[in-house]
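A quick write-up on the structure given underneath.
In the numbering used here, the protein residues as written are 26 to 346.
This is how it looks when you write it as structure tokens:
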């Protein structure tokens, strides 16, 4: 289930009970939303736009409509750090149904093959899973929002057009079997962004020779953000309607807390805010070549990269001023 492509098998539009007025002052921050099943990631954004009252909202890492779990939503200036949120490792709990295949590689598609073997031992399944751990080439599902010549693949598929899909390099760190009750295999998967868990389910079925598809999917974490800390969309809608939604907003630098921090004085802070480089020793940020920049008062000023030849930190994105 990728971070860059939304499953387009129909949208369920969520009706909000109340439409907030457009805000004059934009809210900025990150929401960790527990996405409900049956909604596209875009549906979630639309629902939040209605109750928050601002247009500048986007998600950082798509979930298919069937999937639930961590969907990171960026408001205001936090949309400028969405690329760093997307880059975080993902962890999923996936139920794979063995013994059948579908055209979409998940439970929402049409069955194209049925009656495969399901009485595998756990040892046989573990052996079949082993080649999928590490850096692998993975072919995305045809029913996805990846584009070919400007057209989403799912649209071409519904038109009956044949599309040759190129494999993409992804990395799967770990696959653990949580339960095996034939035909349902429950896995926990830790992987790079861009990994399709639907493709993993299909490819496992092909490796076993019995067919397989994704029955359900929960995103347990995205980077440092975990499902245990996520808030339901219903609760967020209610909170924003009653003016309490900001309590769930995390500061935008929450996306970058694994990075080193550089603290600058008042004069250098002004230089940073005007897009100018500052000569702060790299030792202040360890061995990293990128850092968060803060004022002495603790205000998050910018993302900066270290220029070795000039020995200066150069602001890449400025957030305060």
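Every residue, glycine too, gets a C-beta built ideally from N, C-alpha and C.
Everything numeric in this text was worked out from a predicted model, so none of it was measured.
Burial state of residue 155 is exposed, judged by a 10 Å Cβ sphere holding fewer than 16 other Cβ atoms.
Per the C-alpha coordinates, the member of 79, 334, 225 and 273 positioned closest to residue 129 is 225.
Linking residue 237 to residue 132 through their CA atoms gives a straight-line distance of about 10 Å. With a cutoff of 7 Å on beta-carbon distance, residue 330 and residue 341 are scored as near each other.
Counting C-beta pairs closer than 8 Å gives fewer than three between the stretch 63-73 and the stretch 105-124, which falls short of the contact rule.
Counting only runs of at least 3 residues, the stretch 200-235 fully encloses the following beta strand (DSSP E) elements, listed from N- to C-terminal order: 209-216.
Around the beta carbon of residue 244, a 10 Å sphere encloses 16 or more other beta carbons of the protein chains shown; the residue is thus reported as buried.
Nearest to residue 161 by C-alpha distance, out of 97, 90, 221 and 321, is 221. Each residue's CA atom was taken as its position, placing residue 79 and residue 146 some 53 Å apart. Here residue 211 is not near residue 335, since their CB atoms are 7 Å or more apart. For residue 77, the uninterrupted alpha helix (DSSP H) run begins and ends at 66-77, by DSSP. Residue 339 holds the alpha-carbon nearest to the alpha-carbon of residue 306 among 91, 227 and 339. Between residue 191 and residue 319, the alpha-carbon positions lie close to 43 Å from each other. Counting only runs that start and end inside the stretch 253-303, the beta strand (DSSP E) elements of at least 3 residues fall at 286-289. Per the coordinates, the alpha-carbon of residue 216 lies some 9 Å from the alpha-carbon of residue 158.
Restricting attention to 94, 51, 53 and 251, the CA atom closest to the CA of residue 69 is found in 94.
Per DSSP, reduced to three states, the secondary structure at residue 344 is coil, with no helix or strand assignment.
With fewer than 16 other Cβ atoms inside 10 Å of its own Cβ, residue 304 counts as exposed. Taking C-beta separations shorter than 8 Å and ignoring five residues to either side along the sequence, the partners of residue 325 in its chain run 276, 277, 278, 317, 318, 319, 344 and 345, following chain order. Of the residues 140, 208, 294 and 283, the one whose Cα lies closest to the Cα of residue 250 is 283.
Using a Cβ distance threshold of 7 Å, residue 163 and residue 195 count as a contacting pair. A direct Cα-Cα distance of roughly 14 Å separates residue 271 from residue 58. DSSP places residue 241 in the strand class (E or B) of the three-state scheme. Taken through DSSP and simplified to helix, strand or coil, residue 134 comes out as coil. About 7 Å separates the beta carbons of residue 100 and residue 77, which is inside the 8 Å limit, making them a contact pair. Of the candidates 116, 84 and 91, 84 places its Cα closest to the Cα of residue 107. Residue 251 carries a strand assignment under DSSP once its states are collapsed to helix, strand and coil.
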